[in-house]
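Protein chains in written order, with my numbering: chain A, 1 to 336; chain B, 337 to 663.
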């Protein structure tokens, strides 16, 4: 299957403002991600699981979705997605620092278990793949009420080995539900390479078996991601059913803060992928297109870092949950 | 008042709630045109259409996972698992997802879903159409687990389960479907999901049971009554939470206790009831707490002598009651 890519001159009809915003979203997620790693390495945060290398496709989809109207069943690498939809760096800092005010879970879940009621981002747990079935159910409800809401769900290529992956696409395809299944394929499920995860190189091949379109996109090519996202969202919104999108992305960091990928990936491999980093490539493209001028990116970075510093201070000053709240929200609180 | 079968009562409760509230929907294998393999949902697809009574693909994790998603987006789904024995692929969705949704989101999200499933043996269903595995779910905070034993409760509890804002597992004894009849009022009523019911007053032995075994216990109790022994029978109805107050009151009143269930005993509902009594009724007991249930073998075998060996019968309960009475 052909990989959707763009040459550097193709802007997919996007104006300079949109392209700049897209870059800013990617950079903002990357800077927050890096900050969370620093907090972990400083011993101030016990755990982090990163989305570095996945930003372009997440930003592209989030920019094409309607926050609070569409439904989102994400997975743990979707930091950039949640930020574009409207969550804030402080939201995630509160989670990483296990504070009571963490909007994902009130400090109950590990970081990167995303959820935000006001943005229709459903709460996600740790078992891999379960959220794809929730996505099918969310879309079923929208369909039954005749609403035009689109449901976005995502997973890594490792998760495609789970039965829920197939059960969800099968169900959504049978009923032509408005679900977009995005597989962020970074080639590794913790330490297991894709060759031991699946018999063919492309997850998108599965689409054929379910009678839906399968699209592969270079997940490091931000403009190509935007084009694919726009098309998949349009298709879902007009009632033509699900699309399976496979984004070939990079895992620029270890699986999590408790992993060291140097144990199972070669130094050459790790070095080579740095050159494919979507942030570097997109910046170069935008400079070439004249959308970013020399110094623009640096200025953006300075402003975003100020926001991050402030958010970090505020999150660190926020209270931890009180132990007597541990018994709350097991069941609905009952009236007399 | 009309006399109805247990299966009619469940059907009527679902149908009336679907008429009252268009958010209520059913999904599961064969629930549509066929009306379910036992007939619980008969006629409902014709009445409410193919979306609201949805014939699902043969994938249990999908049935429950999709129900969870639909529940989080404003629907009130009833997921049918054709036999409790086949719920295993959905256990991840039930225990890891539905049970924890409210807790893990700190109250932001909840799953108002019912999972209905027939359980129990004595119908020549062998290993995989006879099991009683409710204890697995009764262990899990975040779930409600109920087992009605009468048509009255079956209707009132299915309506209450549909309206409950948390996931409810509603287990139906398949032998009760047509064997158990009882009076069922017309129209709308609910039965609480967390209260036991005293189904026979007595003072010598407290008997605790649920599901079809309530009827087995009652038969045995009647035989003892002829000899002047008065047993009090409590139908637990809810296995999570167990109605601790009702258990303690009856155990204290009688001083002797027999717990009757169809499932094997190790780490089961009977274990929990016995533990509650050990904790709260120590000074009221006149005899050791006794339990009767299935043997510690993987599941119910097919051939009649083997199946009969597995089942708790009125004879077996009677023998145990006489042992307790003589203690």
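Glycine residues also receive a C-beta, built at the ideal position from the N, C-alpha and C atoms.
Query: Listed by chain order, chain B residues near residue 87 (chain A) by CB distance under 7 Å; Result: None at all; the shortest Cβ gap to chain B is about 13 Å.
Query: First and last residue of the uninterrupted alpha helix (DSSP H) at residue 387 (chain B); Result: 380–388
Query: Sequence-distant residues of the same chain with beta carbon closer than 7 Å to residue 660 (chain B), five excluded per side; Result: 541, 592, 594, 623, 626
Query: Check whether residue 247 (chain A) and residue 291 (chain A) have beta carbons under 7 Å apart; Result: no
Query: Which of helix, strand or coil DSSP assigns to residue 574 (chain B); Result: strand
Query: For residue 647 (chain B), the three-state DSSP class (helix, strand or coil); Result: coil
Query: Integer-rounded CB distance, given that residue 329 (chain A) should sit under 8 Å from residue 488 (chain B); Result: Not confirmed; about 33 Å, so no contact.
Query: Selection from B:564, B:421, B:356, B:567 that minimises the alpha carbon distance to residue 523 (chain B); Result: B:356
Query: Cβ shell of residue 388 (chain B) (< 6 Å), same chain only, five flanking positions each side left out; Result: 361
Query: N- and C-terminal bounds of the beta strand (DSSP E) containing residue 73 (chain A); Result: 71–73
Query: Partner residues on chain A for residue 340 (chain B), Cβ-Cβ distance less than 7 Å; Result: Those do not exist, as residue 340 (chain B) stays about 30 Å from chain A at its closest Cβ, beyond 7 Å.
Query: Closest Cα partner of residue 285 (chain B) within the set B:514, B:398, B:344, B:558; Result: Any property of residue 285 (chain B) remains undetermined from this structure, which presents chain B solely from 337 to 663.
Query: Residue 218 (chain A) - containing beta strand (DSSP E), residue span; Result: 214–218
Query: Beta-carbon proximity check, residue 431 (chain B) vs residue 415 (chain B), cutoff 7 Å; Result: no
Query: Where residue 502 (chain B) meets chain A, residues with beta-carbon distance less than 7 Å; Result: 331, 332
Query: Three-state secondary structure assigned by DSSP to residue 491 (chain B); Result: helix
Query: Residue 631 (chain B) versus residue 600 (chain B) - alpha carbon distance; Result: 5 Å
Query: For residue 586 (chain B), three-class secondary structure by DSSP; Result: helix
Query: Rounded separation between residue 633 (chain B) and residue 457 (chain B) - CA only; Result: 14 Å
Query: Chain A contacts from the stretch 424–445 of chain B (Cβ-Cβ distance under 8 Å); Result: 425, 428, 429, 432, 433, 436, 437, 438, 439, 440, 441, 442, 443, 444, 445
Query: Min CB distance residue 477 (chain B) to chain A below 7 Å; Result: yes
Query: Residue 566 (chain B): contacting residues in chain A (beta-carbon distance under 8 Å); Result: Correct list: empty, because the minimum Cβ distance to chain A is about 35 Å.
Query: Simplified DSSP state of residue 430 (chain B), which is helix, strand or coil; Result: helix
Query: Residue 470 (chain B) beta carbon less than 7 Å from that of residue 575 (chain B); Result: yes
Query: Listed by chain order, chain B residues near residue 127 (chain A) by CB distance under 8 Å; Result: 428, 432, 433
Query: Cβ pair residue 160 (chain A), residue 135 (chain A) closer than 7 Å; Result: no
Query: Start and end residues, alpha helix (DSSP H) containing residue 329 (chain A); Result: Counting along the chain, residue 329 (chain A) falls outside any alpha helix (DSSP H), and DSSP gives it neither H nor E.
Query: Minimum Cβ-Cβ distance from residue 130 (chain A) to chain B less than 7 Å; Result: yes
Query: Segments assigned alpha helix (DSSP H), at least 4 residues, entirely inside the stretch 182–261 of chain A; Result: 206–209, 222–237
Query: Reduced DSSP secondary structure (H/G/I, E/B, other) of residue 544 (chain B); Result: strand
Query: Interface flag, residue 164 (chain A) vs chain B, CB-CB below 7 Å; Result: yes
Query: Minimum C-alpha distance to residue 171 (chain A) - residue among B:663, B:342, B:363, B:560; Result: B:363
Query: Residues in the stretch 400–419 of chain B having any Cβ partner in chain A nearer than 7 Å; Result: 401, 402, 403, 404, 405, 406, 408, 409, 410, 411
Query: Residue 597 (chain B), enclosing beta strand (DSSP E) - first and last residue; Result: 593–600
Query: Neighbour flag for residue 397 (chain B) against chain A, beta carbons, 7 Å; Result: yes
Query: Cβ-based burial, residue 158 (chain A) [other Cβ within 10 Å; buried from 16]; Result: buried
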